[in-house]
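Chemist:
Residue numbers (our numbering): 3 to 548.
This is the structure:
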């Protein structure tokens, strides 16, 4: 039977035309042209609710096989859906579903948007159907209602929504034709027929700066070591983001399962923690040390004494993480051992205005620089002018300081590359159906913001952190590493104890630095104990296998 005759009969009402692709869209690619969504043809379960007689039994049995909520599946079966799709079936799942022998459930090849190995899901985002309320909003604000209908799919998160107008395509790669009876029900026993002819049609694409190989390894490590947190890897010379991932992760094919968690802010799987803002803790001492050296407020070998606390006044005493104190130590040692009293002293000497000035130099006052992605305009540094206590707290990377892992990677890059500010970039270009570039995002020229001398001094201090200080577990044999640990309060508790944001931010290798790596973990013991080992594992891959 030819494709044209099938299409004609479909119009006559006895054959049903069904898309052979769950979400027909353009590609989101890594820097080498590899799909980040893992889009490919995979076995899928196609369910026609009108044919399922025992909806409760079907929901219970099938949900167990698919690993989804039986109640939610039953609810979806009760809605007026013509058919439901459950993609990316394993061989084991296929055999179990077939053994149930439910009428109205079919295993078919389907071109899935999101395969089981899709990466950087929080930046890639996902699509969802347009409900009546959303469609009405389109009518009031845009011209999209001319293109979209209720229940059409549209990008709602990440790059899927940012580049919706480029990614949307009208036709799938192929169609299925199924035979239905007079009531519109699929007639059992009649096979699905495939209408081809669209497979070779070119599609638009969004080309990112991410590297599939590196991104995959970063996410593998995170799945083993980081239940909640983020990792960012950046090229220190041009700002390209080579890997960016957030945990907890979510299934782009099963959004409804995660909506209930969205309101639980401390475990919301939709939060892009690589782009979200957190107290950086002692990571912020990188900026304070840089400002102090550049302004000649302090020399690296200048001597301080840490008694275990810094007394602003009798009502405001700031303790050091080492309760008994560090005793006599140089400024360089104070950095390596993350001594709080030393940095409160230095921050007060600098003053609020100088801290803000260097925040501006490093592009940290507003988080508005990520090439190829929407600007957040979040005010990351907002130190109150009222009282020394505000400056002292800022010195510890707490009050008035809130940075994203991407911002921290940019800050580290300034030190690693010898003093130049690089603007982070995550998208290189958008190509049309013919592969022609229609939108291009060029690098921004690196801007000198501190002297090379200051950068070299801070580099030495960051190396001392990994050789003698709090970051020893980040040291990479054969190459070395440089960095800074950090720990800050989250406001949440775990196992009855305060939960912290634990950081390690640094670069590799020591000679001719190439990569800035930032690890942020919600929970754990400390930056040195929890985040530094993850940094080491990622850095080792970068230097030995990338």
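Where a beta carbon is used, it is the ideal one built from N, C-alpha and C, also for glycine.
Small disclaimer: the values here were computed from a predicted structure and weren't measured.
1) Less than 8 Å between C-beta atoms, sequence neighbours within five positions excluded: which residues of the same chain meet that for residue 452?
2) Suppose the cutoff is 8 Å on Cβ atoms and the five residues either side in sequence are ignored; what does the same chain contact list for residue 73 look like?
3) Quick check on the burial criterion: 16 or more other C-beta atoms within 10 angstroms. Buried or exposed for residue 305?
4) Just to confirm before moving on: does the CB-CB distance between residue 152 and residue 169 stay below 9 Å?
5) Cα separation between residue 555 and residue 387?
6) Skipping 5 residues on each side, what residues in its chain have a beta carbon closer than 6 Å to that of residue 187?
7) Could you have a look at residue 348 and say whether DSSP puts it in helix, strand or coil?
8) Report buried or exposed for residue 102, applying the criterion of at least 16 other Cβ atoms within 10 angstroms of its Cβ.
9) Taking only three categories from DSSP, how would you classify residue 4?
10) Using DSSP with H/G/I as helix, E/B as strand and the rest coil, what is residue 251?
11) Is the Cβ-Cβ distance between residue 466 and residue 207 less than 9 Å?
12) Per DSSP, what kind of secondary structure is residue 69 in: helix, strand or coil?
13) Thinking C-beta only, is residue 210 closer than 9 Å to residue 38?
14) Ignoring anything shorter than 3 residues or poking outside the region 20 to 106, list the beta strand (DSSP E) runs there in chain order.
15) Which of the three DSSP states is assigned to residue 467 in this structure?
16) Give the single residue among 381, 414, 78, 19 whose Cα lies nearest to the Cα of residue 196.
17) Between residue 1 and residue 476, which are expected to be in contact by the criterion C-beta below 8 Å, what is the C-beta distance as a whole number of angstroms?
18) CB residue 403 to CB residue 276, shorter than 9 Å?
19) Restricting to runs no shorter than 3 residues, where is the beta strand (DSSP E) found entirely within the region 403 to 449?
20) Which value, in whole angstroms, describes the spacing of the CA atoms of residue 455 and residue 487?
21) Using the Cβ count rule (16 or more neighbours within 10 Å means buried), how would you classify residue 547?
22) I'd like the ranges of any beta strand (DSSP E) spanning at least 3 consecutive residues and lying wholly in the region 200 to 252.
23) Which residues bound the beta strand (DSSP E) around residue 131?
24) Quick one, which of 114, 480, 71, 46 has its alpha-carbon nearest residue 58's?
25) Rounding to the nearest angstrom, what Cα-Cα distance links residue 33 and residue 216 in this structure?
26) Figure out for me which residue from 194, 174, 173 has the closest Cα to the Cα of residue 180.
27) Count the other CB atoms within 10 Å of the CB of residue 429; is the residue buried (16 or more) or exposed (fewer)?
28) Locate the alpha helix (DSSP H) running through residue 335, then write down its first and last residues.
29) If you drop the 5 nearest sequence neighbours on each side, which residues of the same chain put their C-beta closer than 7 Å to that of residue 346?
30) State the Cα-Cα distance for the pair residue 250 and residue 389, rounded to the nearest angstrom.
31) Quick check: residue 375 and residue 158, are their CB atoms within less than 9 Å of each other?
32) Would you say residue 366 and residue 289 are within 9 Å of each other, going by their C-beta atoms?
33) Using only the alpha-carbon positions, how far apart do residue 285 and residue 523 sit?
34) Touch check for the region 499 to 517 and the region 230 to 241: three-plus C-beta pairs under 8 Å?
35) Let me make sure I understand the geometry here. Which of 473, 314, 299 has the alpha-carbon closest to that of residue 356?
Modeler: This is what the structure holds:
1) Translated into the one-based positions of the chain shown, residue 452 becomes position 450. Answer for residue 452: 292, 296, 363, 416, 421, listed in chain order.
2) The residue labelled residue 73 in the question sits at position 71 within the chain shown. Cβ within range, chain order: 61.
3) On the chain shown, position 303 is the one that residue 305 refers to. Residue 305 is exposed by the Cβ-count criterion.
4) Residue mapping note: residue 152 aligns to position 150 of the chain shown, counting from 1. Residue mapping note: residue 169 aligns to position 167 of the chain shown, counting from 1. No, the Cβ-Cβ distance between residue 152 and residue 169 is not below 9 Å.
5) The chain is shown only over 3 to 548; residue 555 falls outside these bounds and no answer can be derived.
6) Counted from its first residue, the chain shown places residue 187 at position 185. Excluding sequence neighbours, residue 187 sits near 52, 53.
7) Locating residue 348 in the chain shown gives position 346, counting from the first residue. Here residue 348 sits in helix by DSSP.
8) As a working mapping, residue 102 is identified with position 100 in the chain shown. So residue 102 counts as exposed.
9) Along the chain shown, read from residue 1 onward, the residue named residue 4 stands at position 2. For residue 4, the pLDDT reaches just 47, beneath the cut-off of 50, and the residue's location in the model is therefore unreliable, leaving the point undetermined.
10) Your numbering for residue 251 matches position 249 in the chain shown. The answer is coil: DSSP assigns residue 251 none of H, G, I, E or B.
11) Counted from its first residue, the chain shown places residue 466 at position 464. Counted from its first residue, the chain shown places residue 207 at position 205. No, they are not a contact pair.
12) Here the question's residue 69 lines up with position 67 in the chain shown. Reduced to three states, the DSSP call for residue 69 is coil.
13) If you number the chain shown from 1, residue 38 lands on position 36. If you number the chain shown from 1, residue 210 lands on position 208. Cβ atoms of residue 38 and residue 210: closer than 9 Å.
14) 29 to 31, 42 to 49, 86 to 88
15) Stepping through the chain shown from its first residue, residue 467 is reached at position 465. The answer is helix: DSSP assigns residue 467 an H, G or I state.
16) Mapped onto the chain shown, residue 196 falls at position 194. Here the closest residue by C-alpha is 19.
17) Because the chain is modelled from 3 through 548, residue 1 falls outside the range shown and cannot be assessed.
18) Position 401 of the chain shown, counted from the first residue, corresponds to residue 403. Position 274 of the chain shown, counted from the first residue, corresponds to residue 276. For residue 403 and residue 276, no; Cβs fall outside 9 Å.
19) 429 to 433, 439 to 442
20) As a working mapping, residue 455 is identified with position 453 in the chain shown. As a working mapping, residue 487 is identified with position 485 in the chain shown. Distance between the alpha carbons of residue 455 and residue 487 is about 23 Å.
21) One-based indexing of the chain shown puts residue 547 at position 545. Under this definition residue 547 is an exposed residue.
22) 207 to 210, 231 to 237, 243 to 249
23) In the chain shown, residue 131 corresponds to position 129, counting from 1. Counting along the chain, the beta strand (DSSP E) containing residue 131 begins and ends at 129 to 131.
24) Against the chain shown, residue 58 aligns to sequence position 56. Cα-wise, what sits closest to residue 58 is 71.
25) For this step, residue 33 is matched to residue 31 along the chain shown. For this step, residue 216 is matched to residue 214 along the chain shown. Their Cα atoms are separated by approximately 11 Å.
26) As a working mapping, residue 180 is identified with position 178 in the chain shown. Closest by alpha carbon: 194.
27) The residue you call residue 429 lines up with position 427 of the chain shown. Under this definition residue 429 is a buried residue.
28) Numbered from its first residue, the chain shown carries residue 335 at position 333. Element bounds for residue 335: 333 to 338.
29) Translated into the one-based positions of the chain shown, residue 346 becomes position 344. Cβ within range, chain order: 312, 320, 394, 397.
30) On the chain shown, residue 250 is found 248 positions in, with the first residue counted as 1. On the chain shown, residue 389 is found 387 positions in, with the first residue counted as 1. Looking at the two C-alpha atoms, the distance is approximately 39 Å.
31) Start at 1 with the first residue of the chain shown, and residue 375 comes out as number 373. Start at 1 with the first residue of the chain shown, and residue 158 comes out as number 156. It is not a contact, given that the beta carbons lie outside the stated cut-off.
32) Translated into the one-based positions of the chain shown, residue 366 becomes position 364. Translated into the one-based positions of the chain shown, residue 289 becomes position 287. In contact: residue 366 and residue 289 (Cβ atoms closer than 9 Å).
33) Position 283 of the chain shown, counted from the first residue, corresponds to residue 285. Position 521 of the chain shown, counted from the first residue, corresponds to residue 523. Approximately 13 Å between the Cα atoms of the pair.
34) yes
35) If you number the chain shown from 1, residue 356 lands on position 354. Closest option to residue 356, Cα to Cα, is 299.
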